[in-house]
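Chemist: All letters in the sequence shown, in the order written, are residues 0 to 214 by numbering that gives the first Met the number 0.
For every residue, glycine included, the Cβ atom is placed at its ideal position computed from N, Cα and C.
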Amino acid sequence: MKKSGLVMLFLVGTAFLLSAYLYPEMPGRMATHWNAGGEPDGTLPKAAGAFMVPGIMALLAGLFAAVPRIDPLGRNLRKFRKQYGMFAGVVMGFLLVVHAQILLWNAGILISPLFIFPLGIAALFYAAGILCENSRQNWFVGIRTPWTLSSSTVWKETHRLGAKLFKWAAAASLASVLVPDYSAAVIIASALIVAVFSTAYSYVLYRRETQGGKK
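Have a look at this one:
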């Protein structure tokens, strides 16, 4: 985690520096939210708009660093710390890109979120798939249902499926760049499919394990 911690600090620092550098160019109220059509539909005061995402990144960096230390099953989490650190870096990198898009838009460089967002979400989904492939039972990271937390076998098999689903979701999100009007719907549907199928699968596996398939 030392290397990934340094990467997170670098990304957080970069976000704050970008805000400080471009702050004089920002309007009194900044566009910070866009609708599914790529049109801005939400604003924040200048200070909040410029430093909201860096603040979130700083909090998340602290959380990512703390989880392996506070998880009662931290020894398991440390077994896939490389993939955990990679996932943390992808999350922080995604937020930095989102932050840069917000700043540039408000500085007059109109880069559409309909291009940036699907690519970033695709990267997050793919990183989540890699994380699932390598995860071990723990309380904070992964597909945590009552059934995966009750059985290491159910955890392993559920995450094997989850890895495939997340990578499928990544491909769908990436492809949605070609149909920007539907990208939000594709991303939401992909996330729901991953959540519903992995949760249901963990329940079915647990029933089979504990009841031997008996009705």
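How many angstroms separate the CA atom of residue 117 from the CA atom of residue 192?
Modeler: 17 angstroms
Chemist: Below 8 angstroms on the Cβ atoms is my guess for residue 112 versus residue 33; work out the distance and round it to an integer in Å.
Modeler: That pair is a contact at about 5 angstroms.
Chemist: Between the Cα of residue 21 and those of 108, 7, 1, spot the shortest distance and give me the residue it belongs to.
Modeler: 108
Chemist: Between which two residues does the beta strand (DSSP E) harbouring residue 41 extend?
Modeler: 39-44
Chemist: Just mark residue 124 as buried or exposed, buried being the case when its beta carbon has 16 or more other beta carbons within 10 Å.
Modeler: The residue in question, residue 124, is buried, as its Cβ has 16 or more Cβ neighbours within 10 Å.
Chemist: Looking at the structure shown, is residue 30 part of a helix, part of a strand, or coil, going by DSSP?
Modeler: strand
Chemist: Between the Cα of residue 88 and those of 198, 6, 196, spot the shortest distance and give me the residue it belongs to.
Modeler: 6
Chemist: Using alpha carbons as the reference points, say which of 164, 141, 69, 200 lies closest to residue 189.
Modeler: 164
Chemist: What three-state label does DSSP hand residue 180 in the structure shown?
Modeler: helix
Chemist: Which same chain residues, not among the five before or five after residue 39, have their C-beta less than 6 angstroms away from its C-beta?
Modeler: 30, 33
Chemist: How many whole angstroms separate the CB atoms of residue 52 and residue 94, which I take to be in contact at a CB cut-off of 8 angstroms?
Modeler: 6 angstroms
Chemist: Just the C-alpha distance for residue 66 and residue 54, rounded to the nearest angstrom, thanks.
Modeler: Looking at the two C-alpha atoms, the distance is approximately 19 angstroms.
Chemist: Let me know if residue 24 comes out buried or exposed under the rule of 16 or more other beta-carbons within 10 Å of its beta-carbon.
Modeler: exposed
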